[in-house]
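Here the working numbering is used: position 24 in the sequence shown is 552, and no number is missing along the way. The beta carbon of each residue, even a glycine, is placed where N, CA and C say it ideally should be.
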Amino acid sequence: MSIASFITIGILAIHGVLLDGVVATVDNEPILMSDLREEIAPFLADLQSQGASAQQIQQEMDKALQKALDRYIERLLLYRKAVNEGLKVDEKEIDERVNKIKKRYGSPEEFNRLLAESGEMMSEFRERIKQQLIALSYALKKRKEFEKEITVSEPDIAKYYNEHIEEFQNPQRTKVRRIFLSAPKEADERAKVKERILEIFDRLKQGADFGSIAENESQGPEADKAGLIGWVSKGDLVPELEQVIEKMSVGEISQPIETEWGFHILKVEEKEGNDKLSYEQARIIIEPKLREQYINERYQKWLNEIKKGANIRIFL
529 MSIASFITIG ILAIHGVLLD GVVATVDNEP ILMSDLREEI APFLADLQSQ
579 GASAQQIQQE MDKALQKALD RYIERLLLYR KAVNEGLKVD EKEIDERVNK
629 IKKRYGSPEE FNRLLAESGE MMSEFRERIK QQLIALSYAL KKRKEFEKEI
679 TVSEPDIAKY YNEHIEEFQN PQRTKVRRIF LSAPKEADER AKVKERILEI
729 FDRLKQGADF GSIAENESQG PEADKAGLIG WVSKGDLVPE LEQVIEKMSV
779 GEISQPIETE WGFHILKVEE KEGNDKLSYE QARIIIEPKL REQYINERYQ
829 KWLNEIKKGA NIRIFL
């Protein structure tokens, strides 16, 4: 029993999960519930740290155990294949992995104490780490082999580009200045503010400097920056302002816009984006993405074939 397994026992018991017993066999080799505790310990710790209720933990437990069992079976099959092919790991690699695990427990003394309480000997702990490292090394070895077999064709890249064009679209953003006058809801007072914003608009049409008026008369928080809000993208401003900005050209000044807070006049300083990456630019992104996808698919197909060749019985 590992340290993580020991910590997990209480949680499993609370939620009515069998603490031990055969949950599956692989070619007649039993897998015990205690073997899965190492797999689900991080999951349970995460749920508890998030303050999950007993009901929430119970709901997630079955899925977590099933995923843990799948991973354990895959690792066992990989380890067997690796041993048959003579794959080994250096003791130095095992030492490094064990030392990393020890550091999680604060001190070597705390690690040794929990290991002793769990009932697992250091030799057993190291053997389990060795098996995990060998299985991982073998999986990486097979992935590298499959990578050499994979070809990402130009038609594949073009198809992905055309079917996922939105991924390569640069969203538009606009650099905006604003003059804002706050207006109360009371009709007469609001009408006075409207007259004032219209008077400001007339001055702007006659060539008055937008920044100067914003600095001296705007009531917005950006007034001290000559009305410069800065770069905005879709969703940054209220819809009434966004709809106007979308239709404006660079250098254009909007007519007064009324919102529930008052009246706004906008000026577009710059616009950028709203274009897409060319095919040649996008293919640099697409090719490795498809390559990784094809490797994963090839690896999973190979792994499924290994599973089919084994006599796997699940009792969970």
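At least 3 beta-carbon pairs within less than 8 Å: the region 824 to 839 vs the region 597 to 608: As far as the Cβ criterion goes, the region 824 to 839 touches the region 597 to 608, which means the pair count is three or higher.
Straight-line Cα distance separating Gly739 from Ile757: C-alpha separation (whole angstroms): 11 Å.
Simplified DSSP state of Val766, which is helix, strand or coil: It is coil, neither helix nor strand.
Nearest to Gln660 (by Cα), restricted to the options Tyr688, Ala610, Val704, Tyr689: For the residues Tyr688, Ala610, Val704, Tyr689, the minimum Cα distance to Gln660 belongs to Ala610.
Under 9 Å between C-beta atoms of Asp563 and Val554: Not in contact: Asp563 and Val554 (Cβ atoms no closer than 9 Å).
Ordered list of alpha helix (DSSP H) runs contained in the region 551 to 616, each at least 4 residues: 561 to 577, 582 to 612, all fully within the region 551 to 616.
Option in Gln578, Ala569, Leu605 with minimal Cα separation from Pro558: Ranking the options by Cα distance to Pro558, first place goes to Leu605.
Cβ shell of Gly614 (< 6 Å), same chain only, five flanking positions each side left out: Result list for Gly614: empty, nothing under 6 Å.
Same chain only: Cβ atoms within 8 Å of Glu833, ignoring 5 sequence neighbours per side: Nothing listed; no residue qualifies.
Straight-line Cα distance separating Leu664 from Leu844: Their Cα atoms are separated by approximately 25 Å.
For Phe791: DSSP bridge partner residues: DSSP output for Phe791 lists Leu709, Glu786 as bridge partner(s).
Given 8 Å, three or more beta-carbon pairs between the region 716 to 732 and the region 667 to 681: Result no; under three Cβ-Cβ pairs closer than 8 Å.
Nearest-angstrom Cα separation, counted from Gly779 out to Glu723: Approximately 24 Å, taken between the alpha carbons.
DSSP bridge partner residues for Asp803 (one or two, in chain order): Its beta-bridge partners are Asn698.
Residues sharing a beta bridge with Ser740, DSSP: According to DSSP, Ser740 bridges with nothing at all.
Nonlocal neighbours in the same chain, by C-beta distance under 6 Å from Ile842, ignoring five residues either side: So the list reads Ala552, once near-sequence residues are dropped.
Residues bridged to Ser761 (per DSSP): According to DSSP, which records beta bridges pairwise, Ser761 is partnered with Arg701.
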